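This report refers to the structure that appears directly beneath it.
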Amino acid sequence: MDATQLLAQASDVVAAADPAGLMPARQQMALSLGWHIILACFGVAFPAIIFVMHLRGIRKNDPVALDLAKRWGKASAVLFAIGAVSGTVLSFEMGLLWPGLMGTFGDVLGLPFAFEGLAFFLEAIFLGIYLYGWGKMPPKLHLLMVLPMAITGVIGTYCVLAVNAWMNAPTGFDIVNGEVVNIEPWAVLFNQHAFLAFAHMWLAAYMVAGFSIAAVYAVGMLKGRRDRYHRLGFMVPFAFATIAALAQPFAGHFLGHDLAERQPAKLAAFEFADETADGATPLTIGGIYIDGEVRWAIEIPYLSSVAALNSFTEPVPGLDQFPEEDEPPVNFAHYSFQAMVGIGLLLLATVALYWFLRWRKVDLLKNRWFLRFMAVSGLLAVTAMEAGWIATEVGRQPWIVYGVMRTPEAAADHAGGLWLVYGGSVLLYGGMTIAAIAILRSMARRWREGAADLPSPYGPKLLAADGPAEIRDCADVKDRSAEKDNAEQEAAK
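Note that the sequence shown covers residues 1 to 493 in UniProt numbering.
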(Lines of atoms letter the chains of each structure in order from A and count residues from 1; the text may use other names and numbers.)
(Lines give C-alpha, C1' and ligand atoms only; values in the text may rest on other atoms or scores of the structure.)
Protein backbone atom coordinates (compact mmCIF):
# COMPACT_ATOMS: atom_id res chain seq x y z
CA MET A 1 0.00 0.00 0.00
CA ASP A 2 1.57 3.31 -1.08
CA ALA A 3 1.68 6.59 0.82
CA THR A 4 -1.24 8.06 -1.10
CA GLN A 5 -3.52 5.23 -0.05
CA LEU A 6 -2.41 5.53 3.56
CA LEU A 7 -3.18 9.24 3.56
CA ALA A 8 -6.57 8.58 2.00
CA GLN A 9 -7.39 6.02 4.69
CA ALA A 10 -6.26 8.41 7.40
CA SER A 11 -8.48 11.13 5.95
CA ASP A 12 -11.41 8.73 5.91
CA VAL A 13 -10.84 7.88 9.57
CA VAL A 14 -10.74 11.58 10.53
CA ALA A 15 -13.85 12.31 8.48
CA ALA A 16 -15.68 9.44 10.13
CA ALA A 17 -14.62 10.60 13.60
CA ASP A 18 -15.46 14.32 13.33
CA PRO A 19 -17.93 16.20 11.14
CA ALA A 20 -16.48 18.62 8.60
CA GLY A 21 -17.90 21.65 10.41
CA LEU A 22 -16.28 20.93 13.76
CA MET A 23 -12.91 22.64 13.22
CA PRO A 24 -14.25 25.87 11.63
CA ALA A 25 -16.95 26.04 14.31
CA ARG A 26 -14.37 25.81 17.07
CA GLN A 27 -12.14 28.43 15.45
CA GLN A 28 -15.08 30.77 14.89
CA MET A 29 -16.40 30.49 18.43
CA ALA A 30 -12.93 30.95 19.91
CA LEU A 31 -12.49 34.15 17.90
CA SER A 32 -15.98 35.54 18.49
CA LEU A 33 -16.27 34.75 22.19
CA GLY A 34 -12.68 35.65 22.98
CA TRP A 35 -13.17 39.06 21.35
CA HIS A 36 -16.67 39.81 22.58
CA ILE A 37 -16.05 38.83 26.21
CA ILE A 38 -13.63 41.74 26.62
CA LEU A 39 -16.34 44.22 25.64
CA ALA A 40 -18.83 42.40 27.85
CA CYS A 41 -16.56 43.11 30.83
CA PHE A 42 -16.86 46.84 30.20
CA GLY A 43 -20.63 46.51 29.76
CA VAL A 44 -20.85 44.94 33.22
CA ALA A 45 -18.36 47.07 35.17
CA PHE A 46 -18.05 50.43 33.43
CA PRO A 47 -21.51 51.77 34.40
CA ALA A 48 -20.84 51.23 38.10
CA ILE A 49 -17.46 52.96 37.82
CA ILE A 50 -19.09 55.89 35.99
CA PHE A 51 -21.82 56.05 38.64
CA VAL A 52 -19.32 56.40 41.48
CA MET A 53 -17.37 59.08 39.65
CA HIS A 54 -20.54 61.00 38.73
CA LEU A 55 -21.84 60.70 42.29
CA ARG A 56 -18.57 62.09 43.62
CA GLY A 57 -18.85 65.01 41.24
CA ILE A 58 -22.36 65.91 42.44
CA ARG A 59 -21.76 65.44 46.16
CA LYS A 60 -18.43 67.25 46.28
CA ASN A 61 -19.26 69.74 43.54
CA ASP A 62 -16.17 68.42 41.77
CA PRO A 63 -15.90 69.52 38.13
CA VAL A 64 -12.98 67.15 37.49
CA ALA A 65 -15.05 64.13 38.57
CA LEU A 66 -18.00 65.28 36.45
CA ASP A 67 -15.72 65.76 33.46
CA LEU A 68 -14.34 62.25 33.89
CA ALA A 69 -17.83 60.77 34.20
CA LYS A 70 -18.97 62.54 31.04
CA ARG A 71 -15.95 61.41 29.06
CA TRP A 72 -16.21 57.84 30.35
CA GLY A 73 -19.84 57.77 29.28
CA LYS A 74 -18.81 58.61 25.72
CA ALA A 75 -16.04 56.01 25.74
CA SER A 76 -18.56 53.48 27.07
CA ALA A 77 -20.87 54.28 24.16
CA VAL A 78 -18.10 53.48 21.66
CA LEU A 79 -17.42 50.13 23.32
CA PHE A 80 -21.14 49.40 23.57
CA ALA A 81 -21.67 50.07 19.86
CA ILE A 82 -18.85 47.76 18.85
CA GLY A 83 -20.04 45.12 21.31
CA ALA A 84 -23.49 45.31 19.75
CA VAL A 85 -22.00 44.23 16.43
CA SER A 86 -20.02 41.31 17.87
CA GLY A 87 -22.96 40.26 20.03
CA THR A 88 -25.25 40.19 17.01
CA VAL A 89 -22.74 37.97 15.20
CA LEU A 90 -22.73 35.58 18.16
CA SER A 91 -26.51 35.31 18.22
CA PHE A 92 -26.45 33.92 14.66
CA GLU A 93 -23.43 31.71 15.25
CA MET A 94 -25.05 29.45 17.80
CA GLY A 95 -27.50 28.05 15.28
CA LEU A 96 -25.16 28.24 12.30
CA LEU A 97 -22.16 26.54 13.89
CA TRP A 98 -23.85 24.20 16.36
CA PRO A 99 -27.11 23.01 14.77
CA GLY A 100 -27.04 19.77 16.74
CA LEU A 101 -27.00 21.68 20.03
CA MET A 102 -29.63 24.29 19.22
CA GLY A 103 -31.83 21.85 17.31
CA THR A 104 -31.94 19.52 20.31
CA PHE A 105 -31.85 21.95 23.23
CA GLY A 106 -33.17 25.19 21.71
CA ASP A 107 -36.36 25.04 23.82
CA VAL A 108 -34.26 24.53 26.95
CA LEU A 109 -31.98 27.53 26.29
CA GLY A 110 -34.52 29.94 24.80
CA LEU A 111 -35.50 31.73 27.99
CA PRO A 112 -32.00 32.89 29.08
CA PHE A 113 -31.18 34.08 25.57
CA ALA A 114 -34.48 35.98 25.35
CA PHE A 115 -33.85 37.78 28.65
CA GLU A 116 -30.31 38.60 27.55
CA GLY A 117 -31.67 40.29 24.43
CA LEU A 118 -34.18 42.33 26.43
CA ALA A 119 -31.47 43.41 28.88
CA PHE A 120 -29.29 44.52 25.98
CA PHE A 121 -31.99 46.77 24.49
CA LEU A 122 -32.81 48.31 27.88
CA GLU A 123 -29.15 49.04 28.51
CA ALA A 124 -28.93 50.77 25.12
CA ILE A 125 -31.96 52.95 25.92
CA PHE A 126 -30.61 54.20 29.25
CA LEU A 127 -27.12 54.67 27.83
CA GLY A 128 -28.63 57.01 25.23
CA ILE A 129 -30.58 58.91 27.90
CA TYR A 130 -27.44 59.30 29.99
CA LEU A 131 -25.34 60.52 27.07
CA TYR A 132 -27.85 63.13 25.91
CA GLY A 133 -29.06 64.07 29.39
CA TRP A 134 -26.07 66.23 30.32
CA GLY A 135 -27.35 69.74 30.99
CA LYS A 136 -30.91 68.76 30.12
CA MET A 137 -32.00 66.83 33.24
CA PRO A 138 -31.83 67.52 36.99
CA PRO A 139 -28.40 66.31 38.18
CA LYS A 140 -29.65 63.61 40.56
CA LEU A 141 -32.19 62.25 38.09
CA HIS A 142 -29.53 62.21 35.39
CA LEU A 143 -27.22 60.29 37.71
CA LEU A 144 -29.91 57.66 38.32
CA MET A 145 -29.95 56.85 34.59
CA VAL A 146 -26.67 55.02 35.13
CA LEU A 147 -28.22 52.49 37.51
CA PRO A 148 -30.44 50.75 34.90
CA MET A 149 -27.35 50.50 32.68
CA ALA A 150 -25.48 48.70 35.44
CA ILE A 151 -28.43 46.46 36.36
CA THR A 152 -29.27 45.42 32.80
CA GLY A 153 -25.59 44.73 32.09
CA VAL A 154 -25.50 42.40 35.07
CA ILE A 155 -28.75 40.67 34.06
CA GLY A 156 -27.61 40.10 30.49
CA THR A 157 -24.29 38.68 31.63
CA TYR A 158 -25.98 36.43 34.17
CA CYS A 159 -28.26 34.98 31.48
CA VAL A 160 -25.29 34.08 29.28
CA LEU A 161 -23.44 32.62 32.26
CA ALA A 162 -26.53 30.57 33.13
CA VAL A 163 -26.39 28.94 29.69
CA ASN A 164 -22.69 28.18 30.08
CA ALA A 165 -23.26 26.83 33.59
CA TRP A 166 -26.01 24.60 32.19
CA MET A 167 -23.58 23.25 29.57
CA ASN A 168 -21.23 22.28 32.42
CA ALA A 169 -23.98 20.96 34.73
CA PRO A 170 -27.11 20.29 32.61
CA THR A 171 -30.50 20.32 34.32
CA GLY A 172 -34.14 21.19 33.64
CA PHE A 173 -35.06 18.46 31.12
CA ASP A 174 -35.42 14.72 30.59
CA ILE A 175 -34.54 12.60 27.57
CA VAL A 176 -37.18 9.98 26.72
CA ASN A 177 -36.72 7.80 23.63
CA GLY A 178 -34.15 10.26 22.29
CA GLU A 179 -36.47 13.27 22.70
CA VAL A 180 -35.96 16.19 25.08
CA VAL A 181 -39.07 16.44 27.25
CA ASN A 182 -40.23 17.85 30.61
CA ILE A 183 -38.40 21.10 29.96
CA GLU A 184 -38.06 23.52 32.89
CA PRO A 185 -36.54 26.78 31.54
CA TRP A 186 -36.48 28.41 34.98
CA ALA A 187 -34.36 25.53 36.28
CA VAL A 188 -31.81 26.37 33.60
CA LEU A 189 -31.87 30.07 34.44
CA PHE A 190 -31.51 29.60 38.20
CA ASN A 191 -29.38 26.48 38.53
CA GLN A 192 -27.09 26.58 41.53
CA HIS A 193 -23.91 26.46 39.48
CA ALA A 194 -24.95 29.60 37.55
CA PHE A 195 -24.74 31.85 40.62
CA LEU A 196 -21.17 30.77 41.41
CA ALA A 197 -20.09 31.00 37.77
CA PHE A 198 -21.59 34.49 37.54
CA ALA A 199 -19.88 35.66 40.72
CA HIS A 200 -16.53 34.53 39.31
CA MET A 201 -17.10 36.26 35.98
CA TRP A 202 -18.60 39.38 37.60
CA LEU A 203 -15.43 39.93 39.60
CA ALA A 204 -13.31 39.19 36.52
CA ALA A 205 -15.23 41.91 34.65
CA TYR A 206 -14.36 44.47 37.32
CA MET A 207 -10.73 43.41 37.21
CA VAL A 208 -10.59 43.78 33.42
CA ALA A 209 -12.41 47.12 33.32
CA GLY A 210 -10.80 48.53 36.47
CA PHE A 211 -7.21 47.68 35.57
CA SER A 212 -7.70 48.66 31.90
CA ILE A 213 -9.09 52.11 32.72
CA ALA A 214 -6.45 52.67 35.39
CA ALA A 215 -3.79 51.67 32.86
CA VAL A 216 -4.82 54.56 30.58
CA TYR A 217 -4.13 57.11 33.31
CA ALA A 218 -0.95 55.33 34.39
CA VAL A 219 0.36 55.85 30.86
CA GLY A 220 -0.64 59.51 31.10
CA MET A 221 1.27 59.93 34.35
CA LEU A 222 4.32 58.25 32.81
CA LYS A 223 4.18 60.97 30.15
CA GLY A 224 4.28 63.66 32.82
CA ARG A 225 0.57 64.38 33.21
CA ARG A 226 0.52 64.15 36.98
CA ASP A 227 -2.42 66.45 37.61
CA ARG A 228 -5.51 65.76 39.70
CA TYR A 229 -7.44 64.70 36.61
CA HIS A 230 -5.12 61.75 36.00
CA ARG A 231 -4.79 60.78 39.66
CA LEU A 232 -8.57 60.70 40.13
CA GLY A 233 -9.03 58.89 36.82
CA PHE A 234 -6.59 56.27 38.07
CA MET A 235 -7.80 55.87 41.64
CA VAL A 236 -11.53 55.22 41.15
CA PRO A 237 -11.20 52.29 38.69
CA PHE A 238 -8.16 51.04 40.61
CA ALA A 239 -10.29 50.86 43.78
CA PHE A 240 -12.86 48.73 41.94
CA ALA A 241 -10.11 46.49 40.58
CA THR A 242 -8.64 46.14 44.07
CA ILE A 243 -11.88 44.87 45.60
CA ALA A 244 -12.41 42.44 42.72
CA ALA A 245 -8.82 41.14 42.84
CA LEU A 246 -9.01 40.52 46.59
CA ALA A 247 -12.39 38.74 46.37
CA GLN A 248 -11.68 36.70 43.24
CA PRO A 249 -9.70 33.84 44.86
CA PHE A 250 -12.62 33.13 47.20
CA ALA A 251 -15.15 33.12 44.35
CA GLY A 252 -12.92 30.82 42.32
CA HIS A 253 -12.46 28.46 45.26
CA PHE A 254 -16.18 28.16 45.92
CA LEU A 255 -16.85 27.64 42.21
CA GLY A 256 -14.38 24.78 41.99
CA HIS A 257 -14.94 23.11 45.36
CA ASP A 258 -17.30 20.45 43.93
CA LEU A 259 -15.50 20.06 40.59
CA ALA A 260 -14.30 16.62 41.67
CA GLU A 261 -17.94 15.50 41.68
CA ARG A 262 -19.25 17.47 38.67
CA GLN A 263 -16.34 17.18 36.23
CA PRO A 264 -13.55 15.06 37.73
CA ALA A 265 -11.64 14.74 34.43
CA LYS A 266 -11.46 18.54 34.16
CA LEU A 267 -10.09 18.79 37.69
CA ALA A 268 -7.51 16.08 36.97
CA ALA A 269 -6.37 18.04 33.90
CA PHE A 270 -6.18 21.30 35.83
CA GLU A 271 -4.06 19.72 38.54
CA PHE A 272 -1.98 17.50 36.23
CA ALA A 273 -3.02 14.46 38.29
CA ASP A 274 -1.93 11.67 35.95
CA GLU A 275 -2.90 9.01 38.50
CA THR A 276 -4.82 8.88 41.76
CA ALA A 277 -2.33 9.23 44.61
CA ASP A 278 -2.39 7.19 47.81
CA GLY A 279 -2.70 10.36 49.88
CA ALA A 280 -2.92 14.08 49.24
CA THR A 281 -2.18 15.20 45.68
CA PRO A 282 0.71 17.67 45.29
CA LEU A 283 0.35 20.95 43.39
CA THR A 284 2.03 20.56 40.01
CA ILE A 285 3.61 23.62 38.41
CA GLY A 286 4.79 23.48 34.82
CA GLY A 287 5.66 20.15 33.25
CA ILE A 288 4.09 18.42 30.28
CA TYR A 289 1.71 15.47 29.97
CA ILE A 290 3.09 12.83 27.59
CA ASP A 291 1.84 9.26 27.10
CA GLY A 292 -0.21 9.28 30.28
CA GLU A 293 2.58 10.67 32.45
CA VAL A 294 3.49 14.14 33.75
CA ARG A 295 7.16 14.96 33.19
CA TRP A 296 9.53 17.78 34.22
CA ALA A 297 7.09 19.39 36.65
CA ILE A 298 7.65 21.07 40.02
CA GLU A 299 5.55 19.53 42.80
CA ILE A 300 4.52 21.14 46.08
CA PRO A 301 3.14 18.53 48.52
CA TYR A 302 -0.51 18.61 49.65
CA LEU A 303 -1.48 21.89 47.99
CA SER A 304 -3.60 20.45 45.16
CA SER A 305 -5.80 18.50 47.58
CA VAL A 306 -6.00 21.47 49.94
CA ALA A 307 -7.01 23.90 47.20
CA ALA A 308 -9.41 21.61 45.31
CA LEU A 309 -10.85 19.41 48.07
CA ASN A 310 -10.17 21.26 51.36
CA SER A 311 -8.35 18.16 52.55
CA PHE A 312 -4.82 17.23 53.61
CA THR A 313 -5.41 13.53 52.96
CA GLU A 314 -7.95 13.05 50.15
CA PRO A 315 -6.43 12.66 46.65
CA VAL A 316 -7.58 14.42 43.49
CA PRO A 317 -9.03 11.82 41.07
CA GLY A 318 -6.36 10.98 38.51
CA LEU A 319 -6.61 10.80 34.74
CA ASP A 320 -6.00 7.06 34.98
CA GLN A 321 -9.62 6.68 36.10
CA PHE A 322 -11.08 7.91 32.79
CA PRO A 323 -11.18 6.42 29.30
CA GLU A 324 -8.86 8.21 26.92
CA GLU A 325 -11.79 9.35 24.76
CA ASP A 326 -13.30 11.14 27.79
CA GLU A 327 -10.15 13.09 28.67
CA PRO A 328 -9.88 16.80 27.77
CA PRO A 329 -6.77 18.25 26.09
CA VAL A 330 -4.75 17.97 29.28
CA ASN A 331 -1.78 20.26 28.59
CA PHE A 332 -3.92 23.04 27.15
CA ALA A 333 -6.37 22.95 30.09
CA HIS A 334 -3.59 22.79 32.69
CA TYR A 335 -1.57 25.73 31.39
CA SER A 336 -4.66 27.89 30.83
CA PHE A 337 -5.74 27.26 34.40
CA GLN A 338 -2.31 28.01 35.81
CA ALA A 339 -2.02 31.20 33.74
CA MET A 340 -5.33 32.42 35.14
CA VAL A 341 -4.34 31.65 38.72
CA GLY A 342 -0.78 32.97 38.38
CA ILE A 343 -1.75 36.30 36.82
CA GLY A 344 -4.63 36.71 39.25
CA LEU A 345 -2.31 36.24 42.22
CA LEU A 346 0.20 38.68 40.72
CA LEU A 347 -2.47 41.37 40.39
CA LEU A 348 -3.72 40.63 43.90
CA ALA A 349 -0.21 41.03 45.31
CA THR A 350 0.19 44.32 43.43
CA VAL A 351 -2.95 45.94 44.81
CA ALA A 352 -2.21 44.65 48.30
CA LEU A 353 1.29 46.17 48.12
CA TYR A 354 -0.09 49.49 46.89
CA TRP A 355 -2.59 49.90 49.72
CA PHE A 356 -0.13 48.69 52.35
CA LEU A 357 2.46 51.26 51.26
CA ARG A 358 -0.20 53.94 51.04
CA TRP A 359 -1.10 53.13 54.64
CA ARG A 360 2.63 53.62 55.38
CA LYS A 361 2.47 57.07 53.68
CA VAL A 362 4.32 55.91 50.56
CA ASP A 363 2.79 57.09 47.28
CA LEU A 364 3.50 54.52 44.56
CA LEU A 365 2.00 56.80 41.93
CA LYS A 366 5.31 58.65 42.07
CA ASN A 367 7.19 55.43 41.29
CA ARG A 368 7.75 54.93 37.57
CA TRP A 369 8.21 51.14 37.89
CA PHE A 370 4.81 50.83 39.54
CA LEU A 371 3.26 52.98 36.82
CA ARG A 372 4.93 50.85 34.16
CA PHE A 373 3.42 47.72 35.67
CA MET A 374 0.02 49.37 35.93
CA ALA A 375 0.27 50.37 32.27
CA VAL A 376 0.20 46.66 31.34
CA SER A 377 -2.12 45.56 34.14
CA GLY A 378 -5.16 45.82 31.87
CA LEU A 379 -3.57 43.43 29.37
CA LEU A 380 -2.68 41.08 32.22
CA ALA A 381 -6.26 41.11 33.51
CA VAL A 382 -7.61 40.39 30.02
CA THR A 383 -5.11 37.53 29.63
CA ALA A 384 -6.15 36.00 32.95
CA MET A 385 -9.83 36.25 32.05
CA GLU A 386 -9.30 34.71 28.61
CA ALA A 387 -7.17 31.94 30.12
CA GLY A 388 -9.94 31.17 32.62
CA TRP A 389 -12.50 30.82 29.85
CA ILE A 390 -10.15 28.61 27.83
CA ALA A 391 -9.62 26.43 30.89
CA THR A 392 -13.32 25.94 31.58
CA GLU A 393 -14.29 25.36 27.92
CA VAL A 394 -11.36 23.15 26.93
CA GLY A 395 -11.59 21.31 30.25
CA ARG A 396 -15.21 20.35 29.50
CA GLN A 397 -14.23 18.58 26.29
CA PRO A 398 -15.11 16.23 24.65
CA TRP A 399 -18.59 17.34 25.80
CA ILE A 400 -20.55 20.38 24.65
CA VAL A 401 -23.30 19.46 27.15
CA TYR A 402 -21.44 17.60 29.86
CA GLY A 403 -22.34 13.93 30.01
CA VAL A 404 -25.19 14.34 27.49
CA MET A 405 -23.89 15.50 24.08
CA ARG A 406 -20.37 15.36 22.69
CA THR A 407 -19.04 18.34 20.79
CA PRO A 408 -18.81 16.56 17.40
CA GLU A 409 -22.51 15.67 17.67
CA ALA A 410 -23.39 19.38 17.81
CA ALA A 411 -21.36 20.50 14.78
CA ALA A 412 -22.55 20.80 11.18
CA ASP A 413 -21.66 18.31 8.44
CA HIS A 414 -20.52 21.02 6.00
CA ALA A 415 -17.36 23.12 6.23
CA GLY A 416 -16.72 25.16 3.08
CA GLY A 417 -19.14 27.98 3.87
CA LEU A 418 -18.07 28.02 7.51
CA TRP A 419 -14.46 28.69 6.61
CA LEU A 420 -15.62 31.66 4.53
CA VAL A 421 -17.62 32.91 7.51
CA TYR A 422 -14.53 32.53 9.68
CA GLY A 423 -12.41 34.49 7.21
CA GLY A 424 -15.01 37.25 7.08
CA SER A 425 -15.15 37.33 10.87
CA VAL A 426 -11.38 37.75 11.10
CA LEU A 427 -11.63 40.78 8.82
CA LEU A 428 -14.66 42.13 10.69
CA TYR A 429 -13.14 41.85 14.16
CA GLY A 430 -9.79 43.15 12.94
CA GLY A 431 -11.49 46.16 11.39
CA MET A 432 -13.56 46.85 14.51
CA THR A 433 -10.46 46.61 16.70
CA ILE A 434 -8.62 49.16 14.56
CA ALA A 435 -11.69 51.41 14.44
CA ALA A 436 -12.20 51.28 18.21
CA ILE A 437 -8.57 52.14 18.93
CA ALA A 438 -8.59 54.95 16.36
CA ILE A 439 -11.83 56.47 17.69
CA LEU A 440 -10.83 56.29 21.35
CA ARG A 441 -7.38 57.75 20.63
CA SER A 442 -8.97 60.55 18.60
CA MET A 443 -11.34 61.33 21.48
CA ALA A 444 -8.48 61.37 23.99
CA ARG A 445 -6.38 63.63 21.76
CA ARG A 446 -9.17 66.17 21.31
CA TRP A 447 -9.92 66.14 25.04
CA ARG A 448 -6.27 66.94 25.74
CA GLU A 449 -6.51 69.80 23.27
CA GLY A 450 -9.40 71.26 25.24
CA ALA A 451 -12.43 70.09 23.27
CA ALA A 452 -15.49 69.60 25.44
CA ASP A 453 -18.37 68.31 23.32
CA LEU A 454 -16.25 66.51 20.69
CA PRO A 455 -17.99 67.72 17.52
CA SER A 456 -17.60 65.62 14.41
CA PRO A 457 -14.11 66.04 12.91
CA TYR A 458 -15.74 66.78 9.55
CA GLY A 459 -18.53 69.14 8.54
CA PRO A 460 -19.45 72.15 6.39
CA LYS A 461 -17.33 74.67 8.28
CA LEU A 462 -14.18 72.59 8.10
CA LEU A 463 -14.72 71.83 4.43
CA ALA A 464 -15.86 75.34 3.44
CA ALA A 465 -12.46 76.46 2.14
CA ASP A 466 -12.18 73.86 -0.58
CA GLY A 467 -15.54 72.11 -0.66
CA PRO A 468 -18.42 72.30 -3.14
CA ALA A 469 -20.17 75.58 -3.76
CA GLU A 470 -23.23 74.54 -1.75
CA ILE A 471 -21.08 73.96 1.31
CA ARG A 472 -19.18 77.22 0.86
CA ASP A 473 -22.42 79.15 0.49
CA CYS A 474 -23.84 77.45 3.59
CA ALA A 475 -20.74 78.35 5.58
CA ASP A 476 -20.83 81.95 4.35
CA VAL A 477 -24.50 82.30 5.33
CA LYS A 478 -23.75 80.93 8.80
CA ASP A 479 -20.79 83.29 9.20
CA ARG A 480 -22.81 86.33 8.07
CA SER A 481 -25.67 85.33 10.37
CA ALA A 482 -23.29 85.06 13.31
CA GLU A 483 -21.78 88.47 12.51
CA LYS A 484 -25.25 90.01 12.31
CA ASP A 485 -26.24 88.52 15.68
CA ASN A 486 -23.09 89.88 17.27
CA ALA A 487 -23.71 93.36 15.82
CA GLU A 488 -27.29 93.36 17.11
CA GLN A 489 -26.14 92.34 20.57
CA GLU A 490 -23.56 95.14 20.61
CA ALA A 491 -26.19 97.66 19.49
CA ALA A 492 -28.57 96.51 22.22
CA LYS A 493 -25.85 97.00 24.82
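Glycine is no exception: its CB is placed at the ideal position from the N, C-alpha and C atoms.
Bear in mind that the values here come from a model prediction, so they are computed numbers and not experimental data.
Check, Outcome
"How long is the line joining the alpha carbons of phenylalanine 356 and alanine 435, rounded to whole angstroms?", "40 Å"
"Given a cut-off of 8 Å, decide if valine 316 and alanine 260 are closer than it, judged by their beta-carbon atoms.", "yes"
"How far does the alpha helix (DSSP H) with leucine 22 in it extend, from its first residue to its last?", "22 to 59"
"To the nearest angstrom, how far is the alpha carbon of arginine 59 from that of phenylalanine 211?", "25 Å"
"Nearest to glycine 133 by CA position, among Ala69, Ala215, Pro63, is which residue?", "Ala69"
"Give a yes or no on whether the C-beta atoms belonging to leucine 161 and alanine 197 are separated by under 8 Å.", "yes"
"Tell me whether the beta-carbon of alanine 297 lies closer than 8 Å to the beta-carbon of phenylalanine 272.", "yes"
"Assuming proline 249 contacts leucine 348 under a Cβ cut-off of 8 Å, what Cβ separation, rounded to an integer in Å, is found between them?", "7 Å"
"Between which two residues does the beta strand (DSSP E) containing alanine 297 stretch?", "293 to 300"
"Looking at the secondary structure, which residues open and close the beta strand (DSSP E) in which leucine 319 lies?", "Leucine 319 -> no beta strand (DSSP E), and no H or E assigned at all."
"What number of angstroms, rounded off, separates the C-alpha of threonine 284 from the C-alpha of alanine 268?", "11 Å"
"Tell me the residue span of the alpha helix (DSSP H) that contains threonine 276.", "Counting along the chain, threonine 276 falls outside any alpha helix (DSSP H), and DSSP gives it neither H nor E."
"What residue range does the beta strand (DSSP E) around tyrosine 289 cover?", "283 to 290"
"Would serine 305 and glutamine 28 be called neighbours here (beta carbons separated by less than 8 Å)?", "no"
"Cβ atoms of valine 219 and alanine 375: under 8 Å apart, would you say?", "yes"
"Among residues of its own chain, excluding the 5 on either side of valine 146, which ones have a beta-carbon nearer than 7 Å to its beta-carbon?", "Pro47, Ile50, Phe51, His54, Tyr130"
"How big is the Cα-Cα spacing for alanine 464 and arginine 446?", "Low confidence applies to alanine 464: its pLDDT is 38, below 50, so where it sits in the model is not reliable, and the reading given next is rough at best. Taking the straight line joining both Cα atoms gives about 21 Å."
"Tyrosine 206: which of Ala239, Ala75, Lys223 sits nearest, CA to CA?", "Ala239"
"Are the beta-carbon atoms belonging to methionine 102 and isoleucine 400 less than 8 Å from one another?", "no"
"When you compare each of Leu31, Val382, Pro24, Gly95 to leucine 428 by their alpha carbons, which one comes out closest?", "Leu31"
"How close, in whole Å, do the beta carbons of proline 19 and alanine 308 come, if the pair is a contact with beta carbons under 8 Å?", "No, proline 19 and alanine 308 are not in contact; Cβ-Cβ is about 35 Å, not under 8 Å."
"On a CA-only basis, which of Thr276, Phe115, Leu371 is nearest residue 533? Give me that one, please.", "For residue 533 there is no data in the structure shown, the boundaries of the chain being 1 and 493."
"So if DSSP puts aspartate 174 in a beta bridge, which residue, or which two residues, is it bridged to?", "Val181"
"Would the beta-carbon of valine 78 fall within 8 Å of that of leucine 440?", "yes"
"For arginine 406, does the three-state DSSP call read helix, strand or coil?", "strand"
"Ignoring anything shorter than 4 residues or poking outside the region 311 to 388, list the alpha helix (DSSP H) runs there in chain order.", "330 to 359"
"If you compare alpha carbons, which of Met23, Phe80, Glu179 is closest to glycine 106?", "Glu179"
"Below 8 Å on the Cβ atoms is my guess for glycine 172 versus alanine 187; work out the distance and round it to an integer in Å.", "3 Å"
"Less than 8 Å between the C-beta atoms of tyrosine 302 and proline 323, yes or no?", "no"
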